[in-house]
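Colleague: Let me give you the structure first, and then I'll get to my questions.
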Ligand SMILES: Nc1ncnc2c1ncn2[C@@H]1O[C@H](COP(=O)(O)OP(=O)(O)OP(=O)(O)O)[C@@H](O)[C@H]1O
Ligand SMILES: Nc1ncnc2c1ncn2[C@@H]1O[C@H](COP(=O)(O)OP(=O)(O)OP(=O)(O)O)[C@@H](O)[C@H]1O
Ligand SMILES: [Mg+2]
Ligand SMILES: [Mg+2]
């Protein structure tokens, strides 16, 4: 049981990093990224390729971050000319392109994937994941409550307004993408070393949705909300498995019932907490008296 | 007495569900048989079935639950290599047994002592298929396979054997699984007019693939690895036009007996697929190992497994493992599809 | 000196501006009036770098302003307001004001992590300016409300406040008085005089003729995309064409 | 070449009928409704069930399924989305994903997770060396008629223009006497019914599978996006463009074109085209006037 | 005179925010009442509440002797209430012509005849009738909004700052038109204005709001501009 708890915490920490990265993009800046799995996968594959080439893990991590940053700039190239509505699809497509490439390129292991050295000790893995999460948290928090973050929020609501205030929206979006994608890539590197293996099956659209669910459920714009959202999603998914022990039905019916329950709980949570579990706080300061 | 708990991990939701359910049913049949016979040394077998949603992360969640919370000594799994390998890593770390019924990735050889495959490696069947095509007198062949480890593994082995005998591969189509329709994918095969089509596949995808071939008016003969796991879309179209090599076991007595049990429990054998036999054998060899070791400790099971299989006559025929726990030299049937049924025209053990 | 020379703009086949030229000297308030749809806002958008003119040029102190790059124009010290106010609705009034200030140390990511002291100092300085400005605009009691919850007139005032936070050399104002109550209009007029005294260039679009008469040094009149008259407010009021097309019967 | 056209037309027809519903919902309620694609799957299964009723011809089964799915969509709106009108579009989108997950699982419980298909007999027709089936012709015809009817409805009826007004500015629309809530329900019904029909066409041509929504997600949303998110007509164009681009890419022999050995793009890269077509079209398409200047 | 529109003891606002605080206001047949007040004092909210676009927490709204407190906005439109909003007053992605047609949603039959009257009032709209409403200038939008509402042939008019954004000559036209409609069809009008002089010239009665409450309700003859300015200085609604 303890081992299981350690495992779950590790996974929650990793998904939180991914969620925090998405929060900087969407929660703060309003960039709708449906390819969030792309930088994550890039980090994971970079770690794997580096390991295959006999390089040490910091090299792999470095490669992952660089790859994510470069690709983020590439994806931004067409996206910068488009209105926000279209970002979602461009990034969704980019994520799928990555998965298809990994699936179809023999040098990336194809469907078989690549093996990565694993953390020998689950405690170590948990420690690393928590450390990364803490770093991502601090980074996010500092950004969210800074003049930079304030301008990101302006951007989130009205790009034209930001431009009128003399800020270049594209430059801000670029900075945000670089930070967020590097963060996600770091999560990917760690994930690869925790699981010991990367394959296209780990980087599907569904994973992106899981991250989104964590973010929206937790409350976009709120750092704490993201982590809580990630925890709720993972625990919901895991705990629903234990229900099966009490019910005697064919295995596939149970499996579907579990997912139906998952969907239902999700919808109910929104009906009762439409603003997310931890809504973004209004930044209030002592008002000057009139 | 305390039940012995055995885990099962399969894609019960998402895609490739039908085959997963079939495998799970095979395991259930084996459990029924064991428990009806008084269990293993008096202890009944209890299955804990977990869904992997055909996603690596969920497969890991499932395996972690099974190994860490339920503490099962052994688990039987259906899933592609992308799901199987992360679970194999975990099993190795935990020192538990994992029995593979579906993936033929060579990478699975990296877990000797904890991972054992019931499914034979693709290159054996693929090579036999290539030879069969060459013997049929065909000169040109097109390849139409899913771009999975299985499809590509079969295709490469068959093509190599066929080309070694002077044949020529004129077109290769590797489609991405899970699409509703493959007409556009298979279209390029039409103009090259191959003598035969080399294929591999199962379930809904194979059905869509065959349908596309029929609608496009392909007249070539189909040569498939494991033809019986294909889902026949149109009997008339394939009558006398589908050949292949299969694992030789199912046609023999043990296999037939399992089919009968299946028919009794699940209302007939109309939807029976070969995966039932793989699941059945997987649990049966685990049970035999526990009996032999006199203990349900994972290490004891792992040690006993290779010893018991050599004398096990399974639903999938004789099981022979190499040193890494991978199945080699399975019995081979040569199959022809005629009059709405698969007929075995020759068997090689 | 802000100079607009021979600017023409068309949308599809529709000619919104036709070879319009005007200039606005420092320490002055230049009015632009004209019937609805005559191209006033369009002209302002050209100056602000939103629209790219078909032909013509805009220069500030002899340097051309960038077309199609509003952020560069704004960075060059040209601030503007919109006819329909633009604000970050889900930020508070105070945050909106803070965002208005230019060149903030805390907007550089490196400063954020490497020079937290400088960032904090800068914030404090801007905050005190924002407070003072809000008091002056009569919005102090709304400082912690979401900007989206302000009434139409209050939003106009807030955009003006944000603009002033940026301390621009040139102010482009699109109907700042529309929808604003008469008392505040008087205050705004006073504010404009102050801005003028500080040596800024103010370009003012207004339909409120009283305000135009009160504050403008010079007025340009557009009609159907053409410049039809220019002069002091008094001259304009006397111009027959202007009366006919724009002012209507003397009220 | 003719074959490419046939294949594209068939594929585009199925995608378009589903995609217009996404556009309708997007234009009126401003969110990308993932549950919509699941409605298509539900519709396909319902037709499958109704068709199994002895004596009920397929067209009647399709009509029944369309009505039933339309009502399901209205119910989903009543239970879920009507209570969440005020949350962000992304929030609604995630909720729609939850709804889709729920429906998908229920469908899988009822019908099993494996595929199902209609047993239809149809003819294969040869035109030159291109083939199509009578079923293909039927699918294209049904889709074309539906799209035409929808176009006429939206543009030439009072209710249709009311819907468009609602899409443009809901608060203003109600003050003009347009019954907002009723029309929103009508929109749900229409898009549910269209989805059901599209899903049935897809099922007739291919198969039914509970998670089919995930498979057609990318093409449907790509079609909608290419055509401009809130234009119904655009969704149809988008489906055509996408489908032509996909089929052409794997058809053209690039090797021969460049004077070398025959080489075609491997078919598994077909989905690349969905994405690339998307990017290219979005970049080339005249930019909508930004409405920024005031 | 009979009461046409009566708001009694209304408490209303947006979501959790209360703007109107126990407010009562009556519009009688044949009357023009102008609502004045500082920015944010709740003038627009009064009109939106009358139209059914806000959340009413307490109080009742009567329209022509019928309780419409819980009637949705489209029902009130059918009952003869015409409304010109202050902002977001056109269908931005529809053409000018389609916007006008939407104005006549409830009166499709008389559209052809009535739209000519609107074009006669605002010739600019006729010139631009194929343009997208979202591309119109501020003043053109205002004309379109007023024109569309007239096409509804309302029996009561709610006008929110109809003259703002308009050129002086056009302001005169609009006020003439309002006076004309009022006289010819004897439609009672609730008018929100910042153009105090013009509003007072047109109205029979003045109602001044201060922070969502009624601070003054008197016939036009009894108020002077100086008092009004004092009330304006009192500021808007305190919602925090
Ligand atoms: N983006 C655009 N696309 C098409 N036409 C436009 C666009 N912007 C403005 N126009 C047209 O150009 C003309 C001039 O518009 P502009 O906004 O400059 O007028 P204005 O003088 O500011 O009027 P107002 O006093 O009413 O604000 C109008 O007829 C308007 O319809
Ligand atoms: N959508 C909204 N959500 C929340 N609060 C709002 C909203 N609209 C207006 N308010 C608040 O209600 C109060 C009254 O607003 P209203 O628009 O009625 O004022 P007004 O008198 O019309 O002002 P103006 O003359 O500036 O148009 C304002 O203080 C504003 O903060
Ligand atoms: Mg203007
Ligand atoms: Mg107002």
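Residue numbers (my numbering), protein chains in the order written: chain P, 1 to 290; chain C, 291 to 639; chain G, 640 to 890; chain E, 891 to 1184; chain R, 1185 to 1424.
The beta carbon of each residue, even a glycine, is placed where N, CA and C say it ideally should be.
The structure presented is a predicted model; accordingly, all values stated were derived computationally and were not measured.
#1: What does residue 1256 of chain R reach in chain E if we use C-beta pairs closer than 8 Å?
#2: Within 10 angstroms of its Cβ, does residue 746 of chain G collect 16 or more other Cβ (buried), or is it exposed?
#3: Please list, in chain order, the residues of the region 244-262 of chain P that have any C-beta partner in chain E closer than 7 Å.
#4: My output table needs one value for residue 257 of chain P: the three-state DSSP class, helix, strand or coil.
#5: From this set, R:1311, R:1266, R:1349 and R:1223, which residue's C-alpha is nearest residue 1288 of chain R's C-alpha?
#6: Since residue 1102 of chain E meets chain C, which of its residues come closer than 7 Å, beta carbon to beta carbon?
#7: At which residues does the alpha helix (DSSP H) containing residue 40 of chain P begin and terminate?
#8: Strictly below 9 Å CB to CB, what residues from chain E border residue 1328 of chain R?
#9: Compare the C-beta of residue 202 of chain P against all C-beta atoms of chain C and say whether one is closer than 9 Å.
#10: Under the assumption that residue 166 of chain P contacts residue 805 of chain G (Cβ atoms under 8 Å), give the Cβ distance between them as a whole number of angstroms.
#11: Within 9 Å (strictly less), CB to CB, does residue 163 of chain P reach chain G?
#12: Nearest-angstrom Cα distance between residue 876 of chain G and residue 863 of chain G?
#13: Could you please go through the chain and list the residues whose beta-carbon is closer than 7 Å to any non-hydrogen atom of ligand 3?
#14: Along the region 1335-1366 of chain R, where does the CB come closer than 8 Å to a CB of chain G? Name the residues.
#15: Quick one: what does DSSP say residue 512 of chain C is sitting in, helix, strand or coil?
#16: In chain order, which beta strand (DSSP E) runs of at least 3 residues are fully inside the region 428-500 of chain C?
#17: What residues match up with residue 115 of chain P in a beta bridge as DSSP calls it?
#18: Please determine whether the Cβ atom of residue 604 of chain C lies at a distance below 8 Å from any heavy atom of ligand 6.
#19: I'd like to know whether the C-beta of residue 709 of chain G is nearer than 9 Å to at least one C-beta of chain P.
#20: Would you call residue 1012 of chain E buried or exposed, if buried means 16 or more other Cβ atoms sit within 10 Å of its Cβ?
#21: Thinking just about the alpha-carbon of each residue, which of P:256, P:280, P:283 and P:113 is nearest to the one in residue 996 of chain E?
#22: Pull up the DSSP beta-bridge partners for residue 1220 of chain R, would you.
#23: According to DSSP, which residues form a beta bridge with residue 631 of chain C?
#24: Cβ closer than 9 Å: which chain E residues qualify as neighbours of residue 213 of chain P?
#25: Relative to the alpha-carbon of residue 661 of chain G, which residue among G:646, G:777, G:738 and G:673 has its alpha-carbon at the smallest distance?
#26: Using the Cα positions of residue 185 of chain P and residue 342 of chain C, report the straight-line distance between them to the nearest angstrom.
#27: Start and end of the beta strand (DSSP E) containing residue 367 of chain C?
#28: Are residue 1238 of chain R and residue 1229 of chain R close, meaning C-beta to C-beta below 9 Å?
#29: Which value, in whole angstroms, describes the spacing of the CA atoms of residue 345 of chain C and residue 893 of chain E?
#30: Listed from N- to C-terminal order along the chain, which residues in the region 1132-1156 of chain E have their beta-carbon within a distance smaller than 8 Å of any beta-carbon of chain C?
#31: Quick check: is any heavy atom of ligand 1 less than 8 Å from the C-beta of residue 816 of chain G?
#32: For ligand 4, is there any heavy atom lying closer than 8 Å to the beta carbon of residue 347 of chain C?
#33: If you reduce the DSSP assignment to three classes, tell me which class residue 703 of chain G lands in.
#34: Using only alpha-carbon positions, find the residue among P:172, P:264, P:199 and P:231 that is nearest to residue 106 of chain P.
#35: Using a Cβ-Cβ distance under 9 Å, would residue 440 of chain C count as near chain E?
#36: Out of C:635, C:509 and C:452, state which residue places its alpha-carbon closest to the alpha-carbon of residue 425 of chain C.
Modeller: So, to answer that:
#1: 1064, 1069, 1070 and 1071
#2: buried
#3: 252, 253, 256, 257, 259, 260 and 262
#4: helix
#5: R:1266
#6: 470
#7: 37-52
#8: Per Cβ cutoff of 9 Å: no residues; residue 1328 of chain R is ~11 Å from chain E at best.
#9: yes
#10: 7 Å
#11: yes
#12: 19 Å
#13: G:679, G:680, G:722, G:813, G:814, G:844, E:1184, R:1321, R:1322 and R:1323
#14: 1345, 1348, 1349, 1350, 1351, 1352, 1353, 1354, 1355, 1356 and 1357
#15: strand
#16: 430-436, 458-465 and 486-490
#17: P:197
#18: What this structure holds is ligand 1, ligand 2, ligand 3 and ligand 4, not ligand 6.
#19: yes
#20: exposed
#21: P:256
#22: R:1392
#23: C:628
#24: 984, 987 and 988
#25: G:646
#26: 25 Å
#27: 364-367
#28: yes
#29: 36 Å
#30: 1136, 1137, 1140, 1141, 1154 and 1156
#31: no
#32: no
#33: strand
#34: P:199
#35: no
#36: C:452
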